[in-house]
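Participant: Each position in the sequence shown, counted from 1, maps to that position plus 141 in this note's numbering. Virtual Cβ for every residue (Gly too), placed ideally from N, Cα, C. Would you mind keeping the following structure in view while I ask a few things?
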Amino acid sequence: MTLKVWEREQGNWAVLQVSGEMDLVTSPAVRQRVHDAVAEGRRSLVLDLGEVRFCDSSGVGVLIAARRLMRSCQGRLRLILPAQGAVEGSHVNRVLAALGVRRLFEVYPDLASATAETDPLSA
142 MTLKVWEREQ
152 GNWAVLQVSG
162 EMDLVTSPAV
172 RQRVHDAVAE
182 GRRSLVLDLG
192 EVRFCDSSGV
202 GVLIAARRLM
212 RSCQGRLRLI
222 LPAQGAVEGS
232 HVNRVLAALG
242 VRRLFEVYPD
252 LASATAETDP
262 LSA
């Protein structure tokens, strides 16, 4: 399976919707799209990973690098891992948890909650 990444806007957020497999060959495309968004001045970024069916350590590395990049420019990064997938143990969720890095990310179940401007910790 290949990887597809497309961008859309949701309020003040740039949303990169990712589908397919994030591996050594395909994950550089995600990295490039994140860098492109930052170069365009975007500082609020959502990665919608709901349709990612496979993610290896290369994909995780891209997610961690994206987090680091967004933090370095005082930006915000949020991940979408749908609630249903999280309950069933979606692949990306399992990989992030197994590597002990899931806690590094702000994870949301859907686009509406990921792009809400309220602070989830204050609710």
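In three-state DSSP terms, what is Q151?
Facilitator: The residue given as residue 151 occupies position 10 in the sequence shown. Correct three-state label for Q151: strand.
Participant: Using three-state DSSP, classify V228 as helix, strand or coil.
Facilitator: Residue 228 sits at position 87 when you count from the first residue of the sequence shown. Note that V228 scores a pLDDT of 45, beneath 50, so its modelled location is shaky; the value from the coordinates is reported in the next line. V228 falls in the helix class under three-state DSSP.
Participant: Keeping to the same chain, check which residues put their C-beta closer than 6 Å to that of L188; ignore five residues upstream and five downstream.
Facilitator: What you label residue 188 is simply residue 47 of the sequence shown in a count that begins at 1. For L188, where only same-chain residues beyond five positions count, the Cβ hits under 6 Å are L157, L220.
Participant: Excluding five sequence neighbours on each side, which residues of the same chain lie with their C-beta closer than 6 Å to the C-beta of V203?
Facilitator: Looking up residue 203 in the sequence shown gives position 62. The answer, listed in chain order, is S168, V171, R172.
Participant: Taking one C-beta from the region 236 to 248 and one from the region 192 to 210 each time, how about it: are there three or more such pairs within less than 8 Å?
Facilitator: Yes: at least three Cβ pairs fall under 8 Å.
Participant: What's the gap between the Cα of A207 and the Cα of A253?
Facilitator: Position 66 of the sequence shown, counted from the start, is the residue given in the question as residue 207. Position 112 of the sequence shown, counted from the start, is the residue given in the question as residue 253. Roughly 21 Å between the two C-alpha positions.
Participant: Pull the bridge partners of V166 from the DSSP assignment, please.
Facilitator: Here residue 166 corresponds to residue number 25 of the sequence shown, with the count starting at 1. DSSP, once it has assigned bridges, lists no residue as partnering V166.
Participant: Report the residue from E247, H232, L186, L245 whose alpha carbon sits nearest the alpha carbon of R194.
Facilitator: Taking the first residue of the sequence shown as 1, we reach residue 194 at position 53. Per the Cα distances, H232.
Participant: How should R209 be labelled, buried or exposed, when 16 other C-beta atoms within 10 angstroms of its C-beta is the threshold for buried?
Facilitator: As a working mapping, residue 209 is identified with position 68 in the sequence shown. Exposed is the call here.
Participant: What number of angstroms, rounded off, separates the C-alpha of G161 from the C-alpha of T143?
Facilitator: Your numbering for residue 161 matches position 20 in the sequence shown. Your numbering for residue 143 matches position 2 in the sequence shown. About 6 Å.
Participant: Where W147 and L165 are concerned, what is the direct C-alpha to C-alpha distance, given to the nearest angstrom?
Facilitator: On the sequence shown, position 6 is the one that residue 147 refers to. On the sequence shown, position 24 is the one that residue 165 refers to. Rounded to whole angstroms, W147 to L165 spans 19 Å at the Cα level.
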